[in-house]
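Report on the structure given below.
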Amino acid sequence: MVRSAAVPEPSAPSYTLNEELLEKVRVCFRDSKSTTQVVGAFRCYTITHKQFSNKWSLKAKVLCVSLKRENNAFKCRISTIKFSANEPPQIRESWKVKQITSLRELSKAKTDYKPQVNIAISGSGTESFVFDTASERSAFLGCVLVYNQRTYNKKIECQDFEPAVARRTWAEATSETDASANGAEEPAVAEASPDSKKEEEDARDLNLLEAYIRDSGFSLSDLGGLEHHLQSRLHDLDSDNIHAILSNVEEVDGVVGRVNDTLEYVDDLEEWLSVFNAKLTHMRIDISTIEERNNALETKSDNNSALLLELQRLQGALVLDDVTLQNIIITNFNESNLELAVGAARRLHGLLCTLEAAEAGVGEEVEGGGEALPGEYLSMRVVKEKRSELKRLKNTWMSRAKTFLISLFAESVDRAMGNLSGATSDPLSFSSRAVKEIINVAIQELHKTCKSYIGLIDVLISFDTSMAESLAQHYAQNVNRLIDRYVKLICSRPIQVLKMLSAEGAASEETEKGAERMKRSSIANIANIQEIMNFAAKKKPRQKPRQSGVKNLEKPNEEILELFAHILDQIMPKICKDCTFCGVCFFSKDRDEAGLWLEEESEVEADIEWSDKDAIKSTIKVLLRDISGVIFAFIKQALSLDDAFSIPFMKLISAWISRLQGREEHFQTVQWLQEIQAITVSTFNSYMEEHLSTIENPKLKLLQTKSVKGIWILQYFLKFPRIVEHVERLSQQAEEVANVQQASDTVYCLSQELIEQSYCRYSEKSFDFLEELVSIEMKPCHADRLRIENYEFYCSSIASFQVSMPNLAKYFEAASKRKEVAKQRYIKDLLQWCAFSKAFVFLSKLEKLREDIPPGDISFQYGFTPKDFLTAVSSIPKDLDSVRNQAMAIRNRIQKHFRNDQILFKQVLKEVFREIQGNFQSLASNINECYKMLDTTLPWDQIVLTLKQVTL
């Protein structure tokens, strides 16, 4: 494209290369040991945005363009260099020119800064640089464009500037630099530094290389061909040089002779060196041997000195001082001597641990607080003798301490039992409150004794861990005597009350009044709680004696549950506290925390780490021995009144099990409660089995030979709601008395599951026997009537209970479905029996036929002609009085079947007449659609109105 002569080309701005800056940049690349040639250096700035502000700042940098030879080709790069006053120049960032996609100039008006350049780099975004002058910016752009063309010849998009002007600015800057270099004076060149000379030589070589490349016809893009050309030229020059040297035979022979002489001298030198090397090797071995002997002698001397000091220290450590020995042989462990005896025993234990810790490392701290002896010391005779002597001393001390503690436990309990015998010997002054106070004080004294002698117990356990179980067994035996007496005292009065309740039904009225007064006076001594003291005020009317093997289902004696709950509330906290105390005192692994836990008055809630879980279980078993007999007697006496008490008893026990579950010290207590709970489970199963046995009553089986026409609701259907109500009332009362904080679903899951299973078994057996009974009935209407009445009674009586019992709800749904099915069969049978049956049968067939045939074609079908239709509806009376009589006959039949239940009679009556009315309305609509040619005189609306009046 030819430019127009009228438009002059833009002039290139004048720029001169900064040689000083270029030299500094070259030095920077030389220091970095890089074979890079710097062709241009330009001062610039980078734009930095201040954080949390809209202000900008400029940071001074140097932009340089460099060339580097890689893989037989030159690579051009742009780099930023940071110059600091106290640090050498550093190359901060670098980009390849071939990654540049566009160059753009920005004027001062757009940026509010000096001339600016935006460089778009693929993979890195856009970089912005600011220059002092527009000429320096133009020179930089021209440098980049020129060396891009020489190395990559890649197209770069130029925006807002003329590439030709930029190239011209760079060409003029380089030409001025070359002219100034060529016009320099000789002295200046001579005085130039060696680095300047090297740079000039490099520049000259580069110019010569460029001239050679230009003359040879190759370009920088074809470096492979240029390299091949240079290699061939170099090979030709080497061949010429070798040929020139070898052509002079005389000089070559002289050189060969001198080389041979030199080789002989080298062989002689090698032989001498081998001999000298062997001598040096022997000398080195001798010196190493001498050094090893000297080191061994020095080590032996040091070891002997250290051994002597260690033996002296060991001799002092193996001897107990006189004060400690005197305290060890103390025979009286009273409170005045206790601290001295325990301290001496601890020192003895520490010394024994030092002598017996063979597995501990040398210098490591052992259990007694000292340091373990080395293993070789333990085999020394003096150490063995001292260890045997200390063991005999330890065994003697342990025997005396154990005997003292066992006698201390027994004396404390014997003293309490003597006080109890004195309190109960005089019946006139006997007071259950005083006896309980004596037992409580005795247990507290025993606990106080253990707290006082916890140090002595700790030392015994540290000497021998099996001593914990032995002491705990003796402690549990003595505490068991107190707790057993306490439980018998708590349960004796309630058992007497239960016996009086069981004998109440057979007593006369006068005797009954006297027994009432005795009960009131007895119950007042049971506990100091308002509920038990108001026992007489809450006494319900006397229950009638049972007439059969089935338990009485009237409202029970609710005070029995409160009595049992009171018994558990009295004895369980005391048992739990004693079990925890025993476990902490003798089996706590952390003996430092044991004393702190024993000082707490309330139950220990922290997770205690036990030293021997099996031992604590066997100890608690001793503590609870023979206690369950009195509890069993109370439960047996209460269940003799009503087996249904097994469910509330089970829930009260479950509440306590939930509180104690998961604690090792209460494991045996939980098992003991589970044994009591097993009795209640067995009793409730027997209770339900007794009721289940009534379903197979032979008197009911005799009815199988007769009609069920005279049977109404079966006896076991009538009894089931009373059983459910009775058990649920007791169960609810037990939950209120227990007052458990946790969710009842988790605490009472065992009793709830047992109750539901029993209800389901009873329901299933009742349903099966009902179906078996009605299967022998010849008339379906009577069988369906019996089903409807019994299933309706079952659903209405347990509707409020099935919501909380998912398993029972299934039988509720099954009974509802069976009732509806039986009701539909009953209505169908009744419609077939009534005077309108022919019309209803014809209507049923007509509706099925209309599913496939249009209404207009019905009258042409066989069996559905107008004549057939008139024959079918001829059974319907023409006058309303006759219709009312027929409807009254249907009503009387339904009333006859359901005479025992007026509510159920009205329900069935409405459903039957609703079905009849629907049939009449459907019959009328079918006549209008399928038999338009007939003119029936039946007053359909009047018939339907008459039927509605009958149902009122």
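Counted from 1, the sequence shown has number 435 at position 435 by the UniProt record's numbering; the numbering is strictly sequential.
We put the beta carbon where it would ideally sit given N, CA and C, even for glycine.
- The alpha helix (DSSP H) runs lying completely inside the stretch 110-180 and spanning 4 residues or more are 134-151, given in chain order.
- Contact between the stretch 457-469 and the stretch 412-419 is absent: fewer than three C-beta pairs spanning the two stretches fall below 8 Å.
- According to the DSSP assignment, residue 672 belongs to the alpha helix (DSSP H) that extends over 667-693.
- By alpha-carbon distance to residue 384, the top candidate from 410, 396, 351, 209 is 351.
- For residue 46, the uninterrupted beta strand (DSSP E) run begins and ends at 36-49, by DSSP.
- The C-alpha of residue 782 is placed about 40 Å away from the C-alpha of residue 646.
- Residue 897 is classed as buried because its beta carbon has at least 16 other beta carbons within 10 Å across all chains shown.
- Judged by DSSP in its simplified three-state form, residue 90 adopts strand.
- For the pair residue 827 and residue 774, the CB atoms are not nearer than the 9 Å cut-off.
- In this structure, residue 92 sits away from residue 116, with a CB-CB distance that is not shorter than 9 Å.
- Just so you know, the alpha carbons of residue 391 and residue 381 end up roughly 15 Å apart.
- Between the alpha carbons of residue 612 and residue 764 lies a gap of roughly 50 Å.
- Straight-line measurement puts the Cα of residue 796 at about 14 Å from the Cα of residue 818.
- DSSP, reduced to helix, strand and coil, places residue 57 within a strand of the structure shown.
- Taking residue 632 as the centre and dropping the five residues before and after it, the same chain places the C-beta of 676, 679 closer than 8 Å to its C-beta, in chain order.
- In the DSSP assignment, residue 810 falls within the unbroken alpha helix (DSSP H) covering 806-833.
- Short of 6 Å from the beta carbon of residue 445, and not among the five residues preceding or following it, lie these beta carbons of its own chain, in chain order: 412.
- Here residue 926 is not near residue 825, since their CB atoms are 9 Å or more apart.
- If you draw a straight line from the Cα of residue 583 to the Cα of residue 475, it is about 11 Å long.
- Taking the Cα positions, residue 664 is about 8 Å away from residue 617.
- With fewer than 16 neighbouring CB atoms inside 10 Å of its own CB, residue 855 falls in the exposed class.
- Between residue 806 and residue 756, the C-beta gap is smaller than 9 Å, which places the two residues in contact.
- The shortest C-alpha to C-alpha distance from residue 711 to any of 667, 787, 129 is the one to 787.
- For residue 73, the three-state secondary structure derived from DSSP is strand.
- The continuous alpha helix (DSSP H) containing residue 731 extends over residues 715-738.
- Residue environment for residue 629: exposed (fewer than 16 other C-beta atoms within 10 angstroms of its C-beta).
- Assignment of residue 80 by DSSP, reduced to helix, strand and coil, places it in the strand class.
- At a Cβ-Cβ threshold of 9 Å, residue 44 and residue 150 do not count as neighbours.
- In the structure shown, residue 654 adopts helical secondary structure according to DSSP, grouped into three states.
- When the Cα atoms are used, residue 911 and residue 785 turn out to be separated by approximately 14 Å.
- When secondary structure is reduced to three states using DSSP, residue 932 falls in the coil class, being assigned neither helix nor strand.
- Under the DSSP assignment, residue 17 falls outside any beta strand (DSSP E); it carries neither an H nor an E label.
- A direct Cα-Cα distance of roughly 12 Å separates residue 870 from residue 843.
- A contact is defined here as three or more CB-CB pairs under 8 Å, and the stretch 571-590 meets this definition with respect to the stretch 447-458.
- Secondary structure note for residue 843: it is in no beta strand (DSSP E), and the uninterrupted alpha helix (DSSP H) holding it is 837-849.
- Bounds of the alpha helix (DSSP H) holding residue 640 are 628-641.
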